[in-house]
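Protein chains in written order, with this note's numbering: chain A, 2 to 251; chain B, 4 to 97. For each residue, glycine too, the CB sits at the ideal point set by N, CA and C. One structure below.
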Amino acid sequence: MQDKLYNYLLMLGDNSMILGHRLSELCGHGPSLETDIALTNMSLDLFGQVRSYFQYAAKLKAGDATEDSIAFLRTERNHHNALLVEQPNEDFAHVITRQYFFDQYHLLLLEQLCESKDEQINAIAHKSIKEVKYHHRFSKTWMKRLAQGTRVSHEKMQAAVTSLYPYTEELTKANAVENEMFNQGIGADLASIKSVYYEEVDGLLSNIGLQKPEEGFFYKGGKEGIHTEHFGFILSDFQYMQRTYPNMTW
Amino acid sequence: MKNEWPLYEVFIRSKNGLEHRHVGSLHASDAEMAIENARDVYTRRQEGVSIWVVPSSEITASNPENFGELFEPAEDKVYRHPTFYDLPHELKHI
Chain A
2 MQDKLYNYLL MLGDNSMILG HRLSELCGHG PSLETDIALT NMSLDLFGQV RSYFQYAAKL
62 KAGDATEDSI AFLRTERNHH NALLVEQPNE DFAHVITRQY FFDQYHLLLL EQLCESKDEQ
122 INAIAHKSIK EVKYHHRFSK TWMKRLAQGT RVSHEKMQAA VTSLYPYTEE LTKANAVENE
182 MFNQGIGADL ASIKSVYYEE VDGLLSNIGL QKPEEGFFYK GGKEGIHTEH FGFILSDFQY
242 MQRTYPNMTW
Chain B
4 MKNEWPLYEV FIRSKNGLEH RHVGSLHASD AEMAIENARD VYTRRQEGVS IWVVPSSEIT
64 ASNPENFGEL FEPAEDKVYR HPTFYDLPHE LKHI
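Written out as C-alpha cells, the structure reads:
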C-alpha cells in the first residue's frame, strides 16, 4: 500500500517535473518577453508542485531519500511521467498544444484530488489547482488565438495537434497503481476524467477548426517507465550537476 | 519588427481601496492577452489585486513643447498647496 502510494506520487510529480523542465528550456527563448515570462512562471509553478509531491514521497520512503535524490538520481526506467510531457519544444504551436492537452487533464485530475482521502495529496491539490486553472486559461486562449490567427499559425497548430494528439490517451488510461489508488479513495477516477477530457479537447478542436488525427492510434508506455528517445537527453541535462558533482548543494 | 503586436499601458491596483497606478507597458495581440501578460509580467510578486489595460494608441498625451504654458504658471502659486492645514493622523494616502 505504501509502495503504491509512493509510486502514485512519482507519477504525479514526474508529469509536473518533466513538463516543468521542458518549459524551463524556453527561459530566455520565448517568442516574446511576455510569453517567455509566462512560460517560465508556469515552469516554476510545476516545480513547486513537484517539491510537495517528492517531499511527501521521501517521507514515505524513509531512509536517506530526499526530494532531491528522488528528483535527480533516478534512472530513465524509474520515471513514470506520461509521454506527452517529454515531447520536445518543436515550435510555439507544439509548446502550446502540449500544454493545453496536459492542462485540461491536470485540471480535471486536481479537481478530483481535492476530494482525496489522503490529507497531503488533498492539500497539495488545493494549492495547485489555482495555478493550474491559470495554466489552462493561458494555453486554451492561445490555442484559439493561433488556430484562428493567420494561415501560417493555423497550419502550425494543425501540425502540432496531429503530432501530439496520439499522446493524450495515456494520460487518462489507468494503470494498476492508479486503479489501486482510486479504489482506496486516494487517487482520481481516470475513467470519468477521460470522458470529460475528450468532450473538452475534441469540442475545442472542432470549435477552432482543427482536425484530430483519424487513425485513432495512441502511444503509451511512459507511466511504466518506457519512454521516447527524447528522455535520455532530458535526464542528461536535468541530472548533470548531481551526476558530475555528487551531493552538491546550492 | 514590422508586424509587432500593439502596445498596451498597464495599471495595477496594489490593494483594495487604493487607486490603479500606471506600472508600465507591454505588447499583446488583444486585450485578453494583455491582461494575461500583465498578470505574468507585473504581478508575479504579489504586486496587485486588479489589472487594467488600455491600448496605448487610445491615450492622448500632452505635448512636451507646451510645458511652459501648461505647467510653469503653477510654479509660483504656493497657496494652492494644502500645506496650511494640519491633517488629522487618521488620514492616510493623501
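| query | result |
| --- | --- |
| C-beta atoms of residue 165/A and residue 102/A nearer than 8 Å | yes |
| Contact check, residue 61/A vs residue 94/A, beta carbons under 8 Å | no |
| Other residues of its chain near residue 235/A: CB distance less than 7 Å, five sequence neighbours each side excluded | 19, 22 and 87 |
| The segment 113 to 127 of chain A in contact with the segment 141 to 159 of chain A per 3-pair CB rule at 8 Å | no |
| CA-to-CA distance, residue 77/B to residue 1/B, given in whole angstroms | Summary: the structure shown does not reach residue 1/B, with chain B confined to residues 4 through 97, and so no result is reported for it. |
| Element boundaries [alpha helix (DSSP H), containing residue 12/B] | Note, residue 12/B: premise wrong, no alpha helix (DSSP H); beta strand (DSSP E) at 10 to 16. |
| Contact list for residue 53/B against chain A, beta-carbon separation under 9 Å | Within chain A, no residue comes near residue 53/B; the closest Cβ sits about 16 Å away, beyond 9 Å. |
| Any C-beta of chain B under 8 Å from that of residue 35/A | yes |
| Chain-ordered neighbours of residue 25/B on chain A, where CB pairs are closer than 8 Å | Correct list: empty, because the minimum Cβ distance to chain A is about 17 Å. |
| Pair within 8 Å by beta-carbon distance, residue 195/A and residue 173/A | yes |
| Cβ pair residue 213/A, residue 205/A closer than 8 Å | no |
| Separation of residue 231/A from residue 38/A, as counted between CA atoms | 25 Å |
| CB of residue 11/A within 8 Å of CB of residue 229/A, strictly | no |
| Rounded C-alpha distance that separates residue 241/A from residue 54/B | 41 Å |
| Pair within 8 Å by beta-carbon distance, residue 26/B and residue 15/B | yes |
| Contact check, residue 17/A vs residue 50/A, beta carbons under 8 Å | yes |
| Sheet register partners of residue 143/A (DSSP bridge) | Per DSSP, none; premise fails for residue 143/A. |
| 8 Å contact criterion, which residue 118/A and residue 186/A should meet: CB distance rounded | 4 Å |
| Contacts that residue 38/A makes with chain B (C-beta to C-beta distance below 9 Å) | 40, 43, 44 and 47 |
| Residues of the segment 68 to 95 of chain B with Cβ closer than 7 Å to any Cβ of chain A, in chain order | none |
| C-beta neighbour in chain B for residue 23/A, strict 8 Å | no |
| N-terminal and C-terminal residue of the alpha helix (DSSP H) that residue 272/A is part of | The structure shown has nothing for residue 272/A, since chain A only spans 2 to 251. |
| Residue nearest to residue 31/A in terms of C-alpha spacing, selected from 92/A, 73/A and 178/A | 92/A |
| Helix, strand or coil at residue 204/A [DSSP, three-state] | helix |
| Residue span of the alpha helix (DSSP H) that contains residue 233/A, given as start and end | 232 to 239 |
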